Amino acid sequence: MNTSQDPAARFIGPGAWRHGVAYGLLGLPLAFVALPLYVVLPNHYAREFGAPLAALGAVLLAARLVDAVLDPIIGRWCDRLAARSPGAVLGVSGLSAVLLALGLWALFFPPAAVRDGGTLLLGWAGLVMALSYTVFSVMSVAHQAWGARLGGTEAQRSRVVAWREALGLCGVLIAAVLPGTLGLGAMVGSFAVLLALGWWAWSRSIRPPASPDADAPRAVAGPSPLRQGAFVRLLAVFVINGTASAVPATLVLFFVQDRLQAPGSIEPAFLGTYFLCAALSMPLWVRIVARFGLARSWLLGMGLSVAVFVWAATLGTGDIAPFIVVCALSGMALGADLTVPGALLAGLIGDLGERGRREGAYFGWWNFAAKLNLALAAGLALPVLAWLGYEPGSRDPQALMTLTAAYCLLPCVLKLLAGAALYGLVIRRPALRAPQPV
3 MNTSQDPAAR FIGPGAWRHG VAYGLLGLPL AFVALPLYVV LPNHYAREFG
53 APLAALGAVL LAARLVDAVL DPIIGRWCDR LAARSPGAVL GVSGLSAVLL
103 ALGLWALFFP PAAVRDGGTL LLGWAGLVMA LSYTVFSVMS VAHQAWGARL
153 GGTEAQRSRV VAWREALGLC GVLIAAVLPG TLGLGAMVGS FAVLLALGWW
203 AWSRSIRPPA SPDADAPRAV AGPSPLRQGA FVRLLAVFVI NGTASAVPAT
253 LVLFFVQDRL QAPGSIEPAF LGTYFLCAAL SMPLWVRIVA RFGLARSWLL
303 GMGLSVAVFV WAATLGTGDI APFIVVCALS GMALGADLTV PGALLAGLIG
353 DLGERGRREG AYFGWWNFAA KLNLALAAGL ALPVLAWLGY EPGSRDPQAL
403 MTLTAAYCLL PCVLKLLAGA ALYGLVIRRP ALRAPQPV
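Going by our numbering, the first residue of the sequence shown is number 3, and it counts up by one from there.
Following this line, the structure appears as C-alpha cells:
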C-alpha cells in the first residue's frame with residue numbers, strides 16, 4: 003500500500019504533534035515511575051524503616067530478575083491480546099495502570115503492621131515490587147509494540163519512537179524533582195494522575211491496522227525471536243551499546259564527587275542538563291535520520307559519545323563548567339540511543355514479515371536486554387573499580403585515575419565495539435538498512 007496510507011505517516015505534517023502526544027504521553031508516567039522504584043525506594047526503606055541494606059539489596063535484585071525473566075513471556079501474551087483487538091490491549095493496560103498506581107502507594111506507604119524493618123517489611127516489599135514490576139512491563143511492552151505496529155518509513159518510525167522517549171525523559175525530570183520538593187505523597191499522587199492521563203490519551207491515539215491474517219489469534223505463534231539471525235545481530239549491538247551507556251550512568255556520582263570534587267548542590271544540574279539535552283536533541287536526530295537513515299544516524303551518535311568521553315577524561319578537580327558541557331553533549335548522544343534502536347527494531351519486524359503479528363515477542367526480549375544492560379554495567383564497572391583499588395571518597399591519584407578510566411574510557415571502548423558491530427552486522431546488510439516495505 004502507499005506510504006501515505008500508513009498510520010505512522012500521520013506523525014509527519016500539520017497537526018502531527020497531536021498524534022505524537024496522544025501516543026507518546028504514556029511514556030511520561032512509565033519513565034516517571036522508574037526513578038522512584040530504582041533510586042528513591044531503597045533509601046526510603048533504609049532511613050525510615052531501618053531495613054538492612056544487604057537484605058534490602060537482595061530483595062530488590064530478586065524482584066528485578068523476576069521482572070526481566072517475565073518480559074519475553076509478557077511479550078507473547080501482549081501479541082495474543084493485540085490479535086484479538088486493540089481494545090483488549092487497552093483494557094488489560096488500563097487494569098495494569100490501576101494496579102501499578104496502587105502498588106507504588108503500597109510500596110512507599112506500607113501498612114503499620116509490617117513497618118518493623120525486618121522480615122515482614124522485606125516480604126511485603128518483595129511481593130508488591132514483583133507485582134508492580136510485572137504490570138509495569140505489561141504496559142511498557144504493549145505500548146512499544148503498539149507503536150511498532152503503526153509501521154511507516156524510517157523517518158516516520160523514528161518520529162513515533164521520539165515522541166514516546168522524549169515524553170519519557172520529561173517524566174524522569176519530573177520524578178527527579180517531586181520527591182525532594184513536594185514529598186512522597188505528592189509524588190505518588192502525581193504519578194497516578196499522569197498515568198490516568200497517559201492511558202486516556204493512548205486510548206484515543208492512532209490505532210494499528212488489523213492483522214493481515216484471517217485467523218489472527220493463531221498468527222502470533224512462531225519461532226522465538228532469538229532464532230532470527232537478523233534480530234540477534236541487532237540485539238547484540240543494542241546490548242553492547244546499552245552497557246556502554248549504563249557504565250557512566252552507574253559511576254557518574256562517584257566521578258562528580260571524587261574526581262571533580264563538586265559540591266553536592268550542583269549534582270542536580272548535571273543530571274538535569276543530561277536528560278534535558280537528550281529530550282531537546284530528539285527533533286534534531288529525527289532530521290538526521292531523514293537524511294542519513296537510522297543505522298548511520300545511530301553510528302553518528304556513538305561517535306559523538308566517544309568524543310565527549312575522551313574529553314571528559316581530561317577533566318579534574320573543579321572543572322564544573324566543562325562537565326556541564328560534557329553532560330549536555332552526552333545527553334545529545336543519548337537522544338540518538340533513545341530515538342534510533344526502537345525504530346530499527348520496528349523496521350526489522352516488518353522486514354521479517356512479522357508486523358501485526360509478533361511485535362510483543364520481539365519487544366519482550368528487547369526489554370529483557372535493556373534490563374540486562376543495567377545489570378552488566380554494575381556487574382562490570384563496580385567490581386573492576388574495587389579490584390583496582392578505588393574506594394568512594396578516595397583522593398589517591400592512582401585511585402582517581404582508575405575511576406576516570408572506568409567512567410570515561412571503558413564506555414569509549416564499548417561504544418567503539420558497538421559501532422563496529424553496527425557497521426558490520428547492520429549497515430553492511432541490506433535487509434536491515436533498506437526502507438520499510440509498505
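Ideal placement from N, C-alpha and C gives every residue a C-beta, glycine not left out.
Predicted model only: the values in this text are computed from it and were never measured.
Relative to the ligand NAP, is the shortest distance from any of its heavy atoms to the C-beta of residue i smaller than 6 angstroms?
{"i": "Y25", "result": "What this structure holds is no ligand at all, so the ligand NAP is not there to describe."}
Please report the residue range of the alpha helix (DSSP H) in which residue i lies.
{"i": "R235", "result": "231-256"}
{"i": "Q400", "result": "399-406"}
{"i": "I268", "result": "Neither: I268 is in no alpha helix (DSSP H) and is coded neither H nor E."}
{"i": "L101", "result": "88-110"}
{"i": "L419", "result": "412-424"}
{"i": "F13", "result": "Note, F13: premise wrong, no alpha helix (DSSP H); not H, not E."}
{"i": "Q146", "result": "121-151"}
{"i": "R360", "result": "R360 -> no alpha helix (DSSP H), and no H or E assigned at all."}
{"i": "T316", "result": "Element bounds for T316: n/a, residue is neither H nor E."}
{"i": "I326", "result": "322-353"}
{"i": "G395", "result": "Looking at the DSSP string, G395 is not in any alpha helix (DSSP H), and its letter there is neither H nor E."}
{"i": "L37", "result": "29-37"}
{"i": "S226", "result": "Unbroken run through S226: none, as it is neither H nor E."}
Decide if residue i is buried, meaning its Cβ has at least 16 other Cβ atoms within 10 Å, or exposed.
{"i": "E356", "result": "buried"}
{"i": "I290", "result": "buried"}
{"i": "P270", "result": "exposed"}
{"i": "L97", "result": "exposed"}
{"i": "A216", "result": "Unreliable positioning characterises A216 in this predicted model, as indicated by a pLDDT of 42, which lies under 50. The coordinate reading is nonetheless provided below. The residue is exposed, with fewer than 16 neighbouring Cβ atoms inside 10 Å."}
{"i": "P399", "result": "exposed"}
{"i": "V140", "result": "buried"}
{"i": "A436", "result": "Note that A436 scores 40 on pLDDT, short of 50, meaning its location in the model is unreliable; the coordinates nonetheless yield the value given after this. Label assigned to A436: exposed."}
{"i": "P501", "result": "Examination of residue 501 is not possible in this model, given that the chain is present from 3 through 440 alone."}
{"i": "T319", "result": "exposed"}
{"i": "T341", "result": "buried"}
{"i": "D260", "result": "buried"}
{"i": "P181", "result": "buried"}
{"i": "T155", "result": "buried"}
{"i": "S247", "result": "buried"}
Using CA atoms only, rank isn't needed, just tell me which of the options is closest to residue i.
{"i": "A60", "options": "A127, F13, S95", "result": "A127"}
{"i": "L387", "options": "L405, V327, A345, A372", "result": "L405"}
{"i": "I134", "options": "L101, F110, G154", "result": "Note that residue 134 is Ser in the sequence shown here, rather than Ile. Checking every option, the nearest Cα to that of S134 belongs to L101."}
{"i": "F110", "options": "V68, A188, A33", "result": "A188"}
{"i": "G337", "options": "L152, D321, G318, L302", "result": "L302"}
{"i": "R86", "options": "F138, P211, E156", "result": "P211"}
{"i": "V308", "options": "L411, T341, V258", "result": "L411"}
{"i": "V91", "options": "L129, A64, A147", "result": "A147"}
{"i": "I14", "options": "A157, A36, L354, D118", "result": "A157"}
{"i": "L37", "options": "G173, A84, F257", "result": "G173"}
{"i": "A363", "options": "L199, D8, A53, D81", "result": "D81"}
{"i": "A423", "options": "V234, D321, M284", "result": "V234"}
{"i": "A379", "options": "G352, W368, P413, R359", "result": "P413"}
{"i": "A407", "options": "A314, M131, A48", "result": "A314"}
{"i": "A53", "options": "T121, L197, A246", "result": "T121"}
{"i": "F138", "options": "Y409, W389, N369, Y425", "result": "N369"}
{"i": "D339", "options": "A203, S299, G149", "result": "S299"}
{"i": "A168", "options": "D321, V23, G395", "result": "V23"}
{"i": "F46", "options": "L255, L186, V415", "result": "The question names Phe, yet the displayed sequence has His at residue 46. The option with the nearest alpha carbon to H46 is L186."}
Quick one: measure Cβ to Cβ for residue i and residue j, integer angstroms, because I've assumed they're closer than 8 angstroms.
{"i": "V190", "j": "Y25", "result": "That pair is no contact at about 25 angstroms."}
{"i": "F325", "j": "L237", "result": "About 33 angstroms; that fails the 8 angstroms criterion."}
{"i": "A297", "j": "V428", "result": "5 angstroms"}
{"i": "V310", "j": "V328", "result": "6 angstroms"}
{"i": "G153", "j": "A251", "result": "With 8 angstroms as the limit, G153 and A251 do not qualify as a contact, their Cβ atoms being about 32 angstroms apart."}
{"i": "G421", "j": "M284", "result": "About 21 angstroms separates the two Cβ atoms, so there is no contact after all."}
{"i": "A150", "j": "I351", "result": "6 angstroms"}
{"i": "A335", "j": "A194", "result": "The pair is not a contact, with the Cβ atoms about 33 angstroms apart (cut-off 8 angstroms)."}
{"i": "A330", "j": "S160", "result": "About 22 angstroms; that fails the 8 angstroms criterion."}
Apart from the five residues just before and just after residue i, which ones in its own chain have a Cβ nearer than 8 angstroms to its Cβ?
{"i": "R430", "result": "none"}
{"i": "A371", "result": "L237, F240, V241, G244"}
{"i": "G274", "result": "L175, A178"}
{"i": "L354", "result": "Q230, A232, F233"}
Output needed for residue i: all residues of its chain with C-beta closer than 6 angstroms, excluding positions within five of it in sequence on either side, in chain order.
{"i": "G333", "result": "Y276, C279, A280"}
{"i": "G366", "result": "D73, P74, I76, G77, V143"}
{"i": "A401", "result": "G391, Y392"}
{"i": "A132", "result": "A65, V68"}
{"i": "Y409", "result": "P250, L253, F257"}
{"i": "P88", "result": "R209"}
{"i": "A164", "result": "M284, V288, T341"}
{"i": "L184", "result": "none"}
{"i": "V116", "result": "L122, L123, W126"}
By Cβ distance below 7 angstroms, which residues in the same chain neighbour residue i in space, the five residues on each side in sequence not counted?
{"i": "R12", "result": "A18, H21, I208"}
{"i": "G170", "result": "G29, L30, L32, A33"}
{"i": "P44", "result": "L58, L62"}
{"i": "W201", "result": "L28, S95, G96, A99"}
{"i": "Y425", "result": "L301"}
So, does the CB of residue i fall closer than 7 angstroms to a CB anywhere in chain D?
{"i": "Q158", "result": "In summary, chain D is missing from the structure at hand, where a single protein chain is found."}
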